[in-house]
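In terms of the numbering used here, the sequence shown opens at residue 4 and continues consecutively.
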Amino acid sequence: MLQMDWLEWQKRVGDVLASNRVESDGHRYTRPAPSTYEHQWLWDSCFHALAYRWIDPAMARDELLSVVAHQVETGDDAGMIPHMTYWQGGGESLWGQAHRSVITQPPLVGVAARAVYEVTPDRELLATLYPRLVAFHEWFDRRRDPDGDGLVALIHPWEAGWDASPRWDEAMGVAGKFTHEVGRQARVALAARVIEYAGNAVELARAGFFHVEVMDFNAIRAADLEALAFIARELNKSSEVTRWQTQAEKIQGAIRAKMLSPYPHDLQGLDEKPILIESASEFVALFGGCVTQDESRDLVARLQSPKFWTTFPVTTTPLDANAFAPDTYWRGHVWLSVNWLIYAGLRRYDFVDVARELAESSLRLVEQENFYEYYHPLTGKGLGAHPQSWSAIVLDLLACER
Ligand code: GLC
């Protein structure tokens, strides 16, 4: 059983987030980790807001407002929310511009905004974010869904948030020769191609570069559109509620039709070749409401099998996979951001006992090791950047369990 109580957890989470916080240009945001990740990242800030909502609602709001502040306003990519914001500059060498990247990351701003609102109802925040969320999702449709099936394609693994997952080895041209360094160089080289092709997903695909319809990303997007429908309802925009709900259902339907068998997976290239590499991303299908209740039982049985349910669940790459490497970034660690998505999915489908076990084990990792970027699935050792802000998300797990 856990040693610390709610107040202690609030304090501990508040301290780590405060130590990583920055104020710049009238905005406040939280660095993922001061030494390794000093800028602002899109999905990290959403996780930060989910933790802040229990201790500092004003900061939860500021985190979401700062992450959308550099949304693209003109040109082909108008509406895109960048995966990185460089408040103090520094983006030139990778992106050819100082203050933002030219790719995105998992769309969780709507999900986070809704969650913040449920604790501290602030309609003004929803009203400010709404048009930005609309523009973001319209950008996805315009730029990333060339075949119109509802599933968006990513043009860089950084967009998925799972930078070095074995899922991308073939699409990145590193299959059979992957090392941490080979993978890193391939990602940096691809960033240059993305700029060269002005982020055009079809042209990048035709030239043989990364073009992947990522299952978990699309499931997250379905959940974000459901949140957008909720926000539209709160703002009395009743005619728009159906639009977002229908769009979420279209994505759920497309995932069901194209991505669920033999287990939830991604699709590569314009011809949608299945990427049959198992990973914990499969379970994010629950988060997006993409399976039936019957299918959810099979999926949860997979989750609880020893290949995924490690001493400290959930390993991102299954124990029995060739690529399993618990000492290599994104190839076998436990990431609490991923655990949060799986936890929320388990609750959505009413697997409350499994969810509780996952919450307890996630809290135990932080209790024992502190706030690390990720953890070893067998020993629980904290690894990577430290102190890492997004592991503060365990506070949200604890709050939901209370
Ligand atoms: C790493 C992770 C990415 C995260 C970023 C900041 O690049 O792969 O998902 O957003 O660090 O924490």
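Note that the Cβ used here is the ideal one computed from N, Cα and C, for glycine as well. Please read all numbers here as calculations on a predicted model, not as lab measurements.
Only residues of its own chain outside the window of five on either side were considered, and among them F286, V287, L289 and F290 have a CB closer than 7 Å to the CB of G348, listed in chain order. Non-local C-beta neighbours of I280 in its own chain, meaning closer than 7 Å and more than five positions away in sequence, comprise P169 and R170, ordered along the chain.
DSSP lists Y32 as the beta-bridge partner residues of V25. Distances taken from the Cβ of Y89 to the heavy atoms of the ligand GLC include none shorter than 7 Å. By the Cβ-count criterion, S22 is exposed, with fewer than 16 other Cβ atoms from all chains shown falling within 10 Å of its own Cβ. Out of L339, W333, E404 and A201, the CA that lies nearest to the CA of N373 is found in L339.
Taking D47 as the centre and dropping the five residues before and after it, the same chain places the C-beta of P35 and W393 closer than 6 Å to its C-beta, in chain order. At the C-beta level, L228 and H140 come within 8 Å of one another. Looking at the backbone, the Cα of R147 and that of L10 are separated by about 44 Å. Around the Cβ of E66, a 10 Å sphere holds 16 or more other Cβ atoms; the residue is buried. For G164, the Cβ falls inside the 7 Å cut-off from some heavy atom of the ligand GLC. In the three-state reduction of the DSSP assignment, R405 falls in the coil class.
Between the stretch 296 to 308 and the stretch 270 to 279, the count of Cβ pairs shorter than 8 Å is below three; the stretches do not touch.
For a cut-off of 8 Å, the C-beta gap from V71 to V19 is around 24 Å, too long to register as a contact.
According to the DSSP assignment, Q296 belongs to the alpha helix (DSSP H) that extends over Q296 to Q307.
Counting along the chain, the unbroken alpha helix (DSSP H) around P160 starts and ends at P160 to A163.
For the pair of segments examined, the stretch 86 to 96 was found not to touch the stretch 195 to 214: the number of CB pairs separated by less than 8 Å stays below three.
If the five residues before and after S364 are omitted, its C-beta is found closer than 7 Å to the C-beta atoms of F315 and P316, all from its own chain and listed in chain order.
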